[in-house]
Amino acid sequence: MEMITPNVYTETKIRGCNPSIVFTSEGSVFIDTAQWLSTLLEMREFAKKRGPIRYLINTEAHIDHIFGNHWFAGESLVVGHENLKNIFWTVADDKPCYEYSVDVLERQDPAALPLMPSKEDYIVNYPQITYSDRMTLKVGNTDFFLYYTPGHSDAQSCVHVPKERVAFVGDTIFSGCQTWLHSADIDALLKSLDFLETLEDVDYIVPGHGPVVTKDYIPKQRAFIYEWIAAVAKGIEKGWDLDECIANISFADRFPMDIGQEETMGYVQRTNVIKCYHYLTHKK
Ligand SMILES: [Zn+2]
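Numbering-wise, my numbering comes out as the position in the sequence shown, counting from 1, plus 1145.
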């Protein structure tokens, strides 16, 4: 785990999202949950040593951000955007979520496999508190400002904690690793990146994946999205159809996948091409 400030911790070196903890004068707040169960449980114990875990905020509904919600059921209130409920715990990379999670544990965190409950006992743990545009959560001496930042998905939240000068932006930013556009609304994503630039009191940005960055990374993320669009635009100009774009366009050499997700490189390259192709041709 990495200490960003004495009250803010994150874990960027595991598979899946960057689960984080913010300590306040009255307990802690978790932001997203880890896919590697053993790391998640260690983080949970670490947080509990300094008081109750008051809330768990999910920045989106994809499996890599919500898988660990089960282990907070009945203990912490789950918070997130109202659209979370539409896609929470359905499929991940075309597989049912429970089976997908067990498969990840079997291959990457086998020691934690016995801790995985049966499918019947697994609590999906949907958010109990939702918001539509923005929300302020006051916990002890700390304010958490939640902003709706759609784009990567339609349930995306940014959590800004000015007191700690940290913004948790979820998958609106992937730093130093591949950007997933598979479920993106590209115009909304670019708008949300613009919005992040307007936030003040931010020294640290915790992205959904990859190392902690500063606001200087926002133009780089924007540029990479434009590179994707430009590459597909060039393909269309050459007369390539969607299949030809998929066959010929790849940014696989540009960034690695985030840790533990190497097997999804082909999926991300293909679905990013499809997304940009549809964006440019207005075809669904
Ligand atoms: Zn993610």
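Beta carbons are placed, not taken as given, at the ideal position from N, Cα and C, and that holds for glycine.
Secondary structure of residue i, DSSP reduced to three states
i: residue 1313; result: strand
i: residue 1460; result: Limits of the chain in this structure are 1146 at one end and 1429 at the other, which puts residue 1460 out of reach.
i: residue 1369; result: helix
i: residue 1176; result: strand
i: residue 1130; result: Residue 1130 lies beyond the residue range present for the chain, which begins at 1146 and ends at 1429; the question has no answer from this structure.
i: residue 1303; result: strand
i: residue 1167; result: strand
i: residue 1209; result: helix
i: residue 1265; result: coil
Alpha-carbon to alpha-carbon, residue j and residue i
i: residue 1158; j: residue 1297; result: 21 Å
i: residue 1225; j: residue 1274; result: 7 Å
i: residue 1243; j: residue 1399; result: 32 Å
i: residue 1349; j: residue 1164; result: 15 Å
i: residue 1377; j: residue 1337; result: 22 Å
i: residue 1312; j: residue 1204; result: 12 Å
i: residue 1210; j: residue 1277; result: 19 Å
i: residue 1295; j: residue 1282; result: 20 Å
i: residue 1356; j: residue 1387; result: 33 Å
i: residue 1249; j: residue 1265; result: 19 Å
i: residue 1181; j: residue 1382; result: 43 Å
i: residue 1346; j: residue 1307; result: 5 Å
i: residue 1271; j: residue 1220; result: 13 Å
i: residue 1170; j: residue 1315; result: 25 Å
i: residue 1389; j: residue 1380; result: 8 Å
i: residue 1366; j: residue 1417; result: 14 Å
i: residue 1202; j: residue 1174; result: 7 Å
i: residue 1293; j: residue 1318; result: 14 Å
i: residue 1218; j: residue 1150; result: 28 Å
i: residue 1257; j: residue 1339; result: 40 Å
For residue i, the residue or residues it bridges with in DSSP
i: residue 1351; result: 1313
i: residue 1148; result: 1154
i: residue 1225; result: 1275
i: residue 1358; result: 1350
Start-to-end residues for the beta strand (DSSP E) that takes in residue i
i: residue 1436; result: It is not possible to answer for residue 1436, since the shown part of the chain is limited to 1146 through 1429.
i: residue 1288; result: 1287-1293
i: residue 1201; result: 1198-1202
First and last residue of the uninterrupted alpha helix (DSSP H) at residue i
i: residue 1390; result: 1387-1393
i: residue 1191; result: 1182-1193
i: residue 1134; result: Outside the displayed span of the chain (1146 to 1429) sits residue 1134, for which this structure offers no information.
i: residue 1417; result: 1410-1426
Closer than 8 Å to chain B by CB, residue i
i: residue 1426; result: Although the question refers to chain B, the structure presented lacks it and comprises just one protein chain.
### Message
Give the residues whose C-beta lies closer than 6 Å to at least one heavy atom of ligand 1, in chain order.
### Response
1162, 1207, 1209, 1210, 1316, 1353 and 1354
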